[in-house]
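**Student:**
Numbering (our numbering), first residue to last: 1180 to 1607.
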């Protein structure tokens, strides 16, 4: 079965290469990958053994950009002092020990010469220091911006922003706040988590302060801003935001949804459209304002920082209408250095269709600012390799892989993927 799948993949690759040989006028059949990026969760670097394996993995696969998880679930992740134990039962981290589970139960005996523990004051620092041994690799602080919490329990830290500003949380079109969600209950499959509202004036101030803290703690090459969006078009109705809009424009946006602003009450369609656009632009502008403030701060402080944002959809019009995420504007107005475009369609034809549309939309000067993101958890490795080949043949030379998992490294799961990324064929 494995052999058949491998042969199918080879045939697929061969067909693409032959097609390219016939029609390609360039000196190179395939573009070399310029930005070979991978996402790494913070939990992957909490012990020295795994961290050292990751360093080897990055070097072997010629990865030159790392998106390291630093801010998630409303917390900066690099503050805890941790101990990593080497016991008869292997390595383990004391941050996961609680209740009746003790270090002795895990097999740690300090009287035995072959057992010891290592204290890691800051796993992030350890990882960054190890990374200095590699050449030409950049590390970006991956931050989940407006998503505040996604666990099935309440934050244990009573100073968490979830408790500090409940009025800052998102509201849906029916006036239901995320603060009313019972976090200890089972949520729907579509539930993404608790979100902050960009409309509340305190939210962007709080998030800017978080960015300042992250920048001050470590030397990163830039920021990866994920969840720089609303949950979807059904949200964006924070009460304070509604009050501000109504004060500025003497219009209550809820009247659009209640049918008050309609032809039935004497409004022309052009008026209705104009009011709807005004309300949509207001919501969009709050995210752009945050991004603009971060840009200004970086410039004022003379920081050599790149800003990368994650686009939730490869169709920028869909991103605007559904998530109020105007990444096309950010790109064209140099508010960001790169846009990481999620193309997570499982169907290969849909995936390819999205790529073709992107290639038609952008000229070469913006084309190189797009990083195509592939989800490693959704597809098998051969399908992902085929998608990467399609990207290279269509002259996309930036890609990111979401995300690294150590067990896949142990079974060489990544091998066909990085073979496709790193091989090159040229002719004269």
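Heads up, the beta-carbon is just placed ideally off N, CA and C, and yes, glycines get one too.
Taking buried to mean at least 16 other C-beta atoms within 10 Å of its own C-beta, is residue 1556 buried or exposed?
**Tutor:** Per the 10 Å Cβ criterion, exposed.
**Student:** What did DSSP end up calling residue 1552 once you bin it into helix, strand or coil?
**Tutor:** It is a strand residue.
**Student:** In the stretch 1531-1593, which residue ranges form an unbroken alpha helix (DSSP H) of at least 4 residues, counting only runs that do not cross its ends?
**Tutor:** Runs of the alpha helix (DSSP H) inside the stretch 1531-1593: 1543-1546, 1560-1572 and 1585-1589.
**Student:** Within 8 Å of any Cβ in chain D, is that where the Cβ of residue 1252 sits?
**Tutor:** The chain labelled as chain D is not found in the depicted structure, where only one protein chain is given.
**Student:** Is the stretch 1425-1445 in contact with the stretch 1518-1529, if contact means three or more CB pairs nearer than 8 Å?
**Tutor:** These segments do not touch.
**Student:** DSSP on residue 1275, reduced to helix/strand/coil?
**Tutor:** With a pLDDT of only 45 at residue 1275, under 50, the local geometry of the prediction cannot be trusted, and no value is derived from it.
**Student:** Compute the distance between the beta-carbons of residue 1582 and residue 1218, then report whether it is under 8 Å.
**Tutor:** Going by C-beta atoms, residue 1582 is nearer than 8 Å to residue 1218.
**Student:** Out of 1339, 1478, 1366 and 1374, which has the shortest C-alpha to C-alpha gap to residue 1157?
**Tutor:** Nothing can be reported for residue 1157, as the shown portion of the chain is limited to 1180 through 1607.
**Student:** Scan the stretch 1351-1435 and note each continuous alpha helix (DSSP H) run of 4 residues or more that stays entirely inside, going in chain order.
**Tutor:** If we require 4 residues or more, the alpha helix (DSSP H) runs fully inside the stretch 1351-1435 come out as 1380-1396 and 1418-1428.
**Student:** Nearest CA to the CA of residue 1558: which residue from 1535, 1468 and 1595?
**Tutor:** When only C-alpha atoms are compared, the closest one is 1595.
**Student:** Taking a contact to mean a Cβ-Cβ separation below 8 Å, would you say residue 1409 touches residue 1354 in this structure?
**Tutor:** Result no, Cβ atoms of residue 1409 and residue 1354 do not sit closer than 8 Å.
**Student:** I'd like to know whether the C-beta atoms of residue 1378 and residue 1462 end up nearer to each other than 8 Å.
**Tutor:** Going by C-beta atoms, residue 1378 is nearer than 8 Å to residue 1462.
**Student:** Please report the straight-line C-alpha distance between residue 1434 and residue 1387, rounded to a whole angstrom.
**Tutor:** Approximately 32 Å between the Cα atoms of the pair.
**Student:** Using DSSP with H/G/I as helix, E/B as strand and the rest coil, what is residue 1214?
**Tutor:** The answer is strand: DSSP assigns residue 1214 an E or B state.
**Student:** Take residue 1599 as the anchor and find which of 1389, 1588, 1425 and 1572 has the nearest alpha-carbon.
**Tutor:** If we check each option's Cα against that of residue 1599, 1572 comes out closest.
**Student:** Would you mind stating whether residue 1231 and residue 1309 have Cβ atoms separated by less than 8 Å?
**Tutor:** Yes. Within cutoff.
**Student:** Using the beta-carbon count (16 or more within 10 Å), is residue 1328 buried or exposed?
**Tutor:** Classification for residue 1328: buried.
**Student:** Under 8 Å, do residue 1319 and residue 1244 count as touching if we go by C-beta distance?
**Tutor:** For residue 1319 and residue 1244, yes; Cβs fall inside 8 Å.
**Student:** For residue 1248, does the three-state DSSP call read helix, strand or coil?
**Tutor:** DSSP places residue 1248 in strand when its eight states are reduced to three.
**Student:** If you reduce the DSSP assignment to three classes, tell me which class residue 1316 lands in.
**Tutor:** DSSP places residue 1316 in coil when its eight states are reduced to three.
**Student:** Please list the terminal residues of the continuous alpha helix (DSSP H) segment that includes residue 1497.
**Tutor:** Here the alpha helix (DSSP H) through residue 1497 covers 1495-1502.
**Student:** Would you call the stretch 1528-1542 and the stretch 1446-1455 in contact, with 3 or more CB pairs under 8 Å?
**Tutor:** No, the stretch 1528-1542 does not touch the stretch 1446-1455.
**Student:** In three-state DSSP terms, what is residue 1598?
**Tutor:** Looking at residue 1598 - three-state DSSP - the assignment turns out to be helix.
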